[in-house]
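Engineer: Encoded as structure tokens, here's the structure I'll be asking about.
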């Protein structure tokens, strides 16, 4: 057996469901975040431009920049066109480093705690279980990663009208800490926690739609299409209901805390200020872009998570089954020979298994193999890995 294959099988067989859920979540989040980064930049600019105008107006009501800001970004394609013209392709991927850094812990923590909470809180009311699990997972991941998202928002909204300029992610962290203190990294935390209503709506709907739209393993194509449709529909509904909190959060995050008097302070004050100065439409600024971004992003995230976690769990079970087949071969060999047979430990997928001391132990292991093999293959229809040759 090749050395790399042995290492892979050893590591895979040791993975628990929690390990697989965490790894799959991180991979899914990073992939979708990078894929839709230009749309995320456009959405952030649309959300922030009203805030820049209001801040400039409060500092200098005669400034000619106020009118220019209000007209600079308009619509999805228009915003992307302006960003590309002014800043090039790099402008469309501004903030991609915090996305990669942020999505790894965000989705790792989220999917790990979501699946764990579902198992621990399983009750007669699955909808309540899904809601509570989503709130627990979302709240924890938000508290852990909020500083990263503040930096991401600053970098994405950075332009000629912003009160800051950062050369990159590290420079943003360093400059923000020096000029505004540690508290700046938790600006917008209140609206972000309020945004947990989003996951409390999305994930219970996703679970419900997934039950309706998938074939529960009878057809892989139907299952994949069902997951994509479920994730898209649940995201559209949740975003439509809870979108205003994103605008409130963005306004809090783009406001420099070193600028003296704070225009946006807290959830209620920010909501009142935006409504009085810009009207109710301001709470839905960038909604079209957000839908255009969030729906495929959610679909890619959940589809990748389901696909990767399903594949890894299948490979892990096949690897463990193959190892039990080795034990069965050892038992068969030893039962026909007077001398106990100690196999090469490289044959064991999880690597650290002790060498069988004698025929009695091997007989037990062989019976375990026989029982597991028959029950697993007949009950689940899993074919398992091909028997290893000894």
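Numbering (the numbering used here), first residue to last: 67 to 456. Backbone N, C-alpha and C define an ideal beta-carbon position, used for all residues, glycine too.
1) Out of 187, 215, 347, 316, state which residue places its alpha-carbon closest to the alpha-carbon of residue 333.
2) Going straight from the alpha carbon of residue 251 to that of residue 219, what length do you get?
3) Ordered along the chain, which non-local residues of its own chain (more than five positions away) have a Cβ less than 8 Å from that of residue 210?
4) Secondary structure at residue 374, three-state DSSP: helix, strand or coil?
5) Need the endpoints of the alpha helix (DSSP H) that residue 62 sits in, please.
6) Mapping DSSP to helix, strand and coil, what is residue 409?
7) Could you check if residue 243 is buried or exposed, using at least 16 other CB atoms within 10 Å of its CB as the buried criterion?
8) In chain order, which alpha helix (DSSP H) runs of at least 4 residues are fully inside the region 130 to 178?
9) For the pair the region 266 to 276 and the region 230 to 247, tell me if three or more CB-CB distances fall below 8 Å.
10) With distance defined between alpha-carbon atoms, name the residue in 296, 276, 213 nearest to residue 246.
11) Give me the Cα-Cα distance between residue 358 and residue 200, rounded to the nearest whole angstrom.
12) Whole angstroms is fine: what's the gap from residue 99's alpha carbon to residue 361's?
13) Which one of 80, 81, 163, 102 has the shortest CA to CA distance from residue 365?
14) Take residue 110 and list the residues in its own chain whose beta-carbon comes closer than 7 Å to its own, dropping the five residues that flank it on each side.
15) When you compare the CB positions of residue 202 and residue 179, do they come within less than 7 Å of one another, or not?
16) Kindly indicate which residue of 92, 86, 145, 76 has the alpha-carbon position closest to the one of residue 505.
17) Look at residue 164 and residue 96 and say whether their C-beta atoms are less than 7 Å apart.
18) Hey, how far is the Cα of residue 81 from the Cα of residue 335?
19) For a quick check, are the C-beta atoms of residue 369 and residue 295 less than 7 Å apart?
20) Residue 444 by DSSP, collapsed to three states: which one?
21) Which two residues bound the contiguous alpha helix (DSSP H) that contains residue 243?
22) For residue 197, tell me which candidate among 184, 207, 208 has the shortest Cα-Cα distance.
23) Hey, would you say residue 308 sits closer than 7 Å to residue 264, going by beta carbons?
24) Can you check whether the CB of residue 115 is closer than 7 Å to the CB of residue 77?
25) What residue range is occupied by the uninterrupted alpha helix (DSSP H) comprising residue 99?
26) So, is residue 384 buried or exposed, given that buried needs 16 or more other C-beta atoms within 10 angstroms?
27) Could you compute how far the alpha carbon of residue 302 sits from the alpha carbon of residue 292?
28) Comparing alpha-carbon positions, which option in 91, 149, 157, 341 lies nearest residue 313?
29) Nearer than 6 Å: is that true of the beta carbon of residue 220 relative to any heavy atom of the ligand SAM?
30) Within 10 angstroms of the Cβ of residue 154, are there 16 or more other Cβ atoms? Answer buried if so, exposed if not.
31) I'd like the span of the alpha helix (DSSP H) that includes residue 249, first residue to last.
32) Which value, in whole angstroms, describes the spacing of the CA atoms of residue 83 and residue 379?
33) Residues in its own chain within less than 7 Å of residue 113 by CB, not counting five upstream and five downstream?
34) In this structure, does DSSP put residue 414 in helix, strand or coil?
35) Return the CA-CA distance between residue 107 and residue 156, expressed in angstroms with no decimal places.
36) State the DSSP-derived secondary structure class of residue 225, mapped to helix, strand or coil.
Structural biologist: Reading it off the structure:
1) When each option's Cα is compared against that of residue 333, the closest is 316.
2) Distance between the alpha carbons of residue 251 and residue 219: 11 Å.
3) The residues are 171, 172, 175.
4) It is helical.
5) Shown here, the chain extends from 67 to 456; a query on residue 62 therefore has no answer.
6) In this prediction, residue 409 scores a pLDDT of 49, lower than 50, which makes its location untrustworthy; the coordinate-derived value is nonetheless stated afterwards. It is coil, neither helix nor strand.
7) It counts as exposed.
8) Within the region 130 to 178, the complete alpha helix (DSSP H) runs of at least 4 residues are 131 to 138, 142 to 153, 155 to 158.
9) The count of Cβ pairs closer than 8 Å, one atom from the region 266 to 276 and one from the region 230 to 247, stays below three, leaving the stretches out of contact.
10) Across the set 296, 276, 213, the C-alpha of 213 shows the shortest separation from the C-alpha of residue 246.
11) Their Cα atoms are separated by approximately 23 Å.
12) Rounded to whole angstroms, residue 99 to residue 361 spans 12 Å at the Cα level.
13) Per the Cα distances, 102.
14) Around residue 110: 219, 222, 223, 316.
15) With a cutoff of 7 Å on beta-carbon distance, residue 202 and residue 179 are scored as near each other.
16) A query on residue 505 cannot be resolved here, the shown segment of the chain reaching from 67 to 456 and no further.
17) No.
18) So the two alpha carbons sit approximately 48 Å from each other.
19) Not closer than 7 Å, so no.
20) In this prediction, residue 444 has a pLDDT of 48, which is less than 50 and means its spatial position is unreliable; what the coordinates show is noted afterwards. The answer is helix: DSSP assigns residue 444 an H, G or I state.
21) For residue 243, the enclosing alpha helix (DSSP H) stretches over residues 235 to 246.
22) In terms of CA proximity to residue 197, 184 leads the group 184, 207, 208.
23) Yes.
24) Not closer than 7 Å, so no.
25) For residue 99, the enclosing alpha helix (DSSP H) covers residues 83 to 101.
26) That one is buried.
27) As the crow flies, the alpha-carbon of residue 302 is around 15 Å from that of residue 292.
28) The option with the nearest alpha carbon to residue 313 is 341.
29) Ligands displayed in this structure: none; no statement on the ligand SAM is therefore possible.
30) Under this definition residue 154 is an exposed residue.
31) If you look at residue 249, you'll find it isn't in any alpha helix (DSSP H); DSSP assigns it neither H nor E.
32) For residue 83 and residue 379, the distance between alpha carbons rounds to 7 Å.
33) Apart from the 5 residues on each side of it in sequence, residue 113 sits with its Cβ closer than 7 Å to the Cβ of 312, 313, 316, 351, 352 in its chain, given in chain order.
34) With a pLDDT of only 46 at residue 414, under 50, the local geometry of the prediction cannot be trusted, and no value is derived from it.
35) Linking residue 107 to residue 156 through their CA atoms gives a straight-line distance of about 11 Å.
36) For residue 225, the secondary structure class from DSSP, reduced to helix, strand or coil, is coil.
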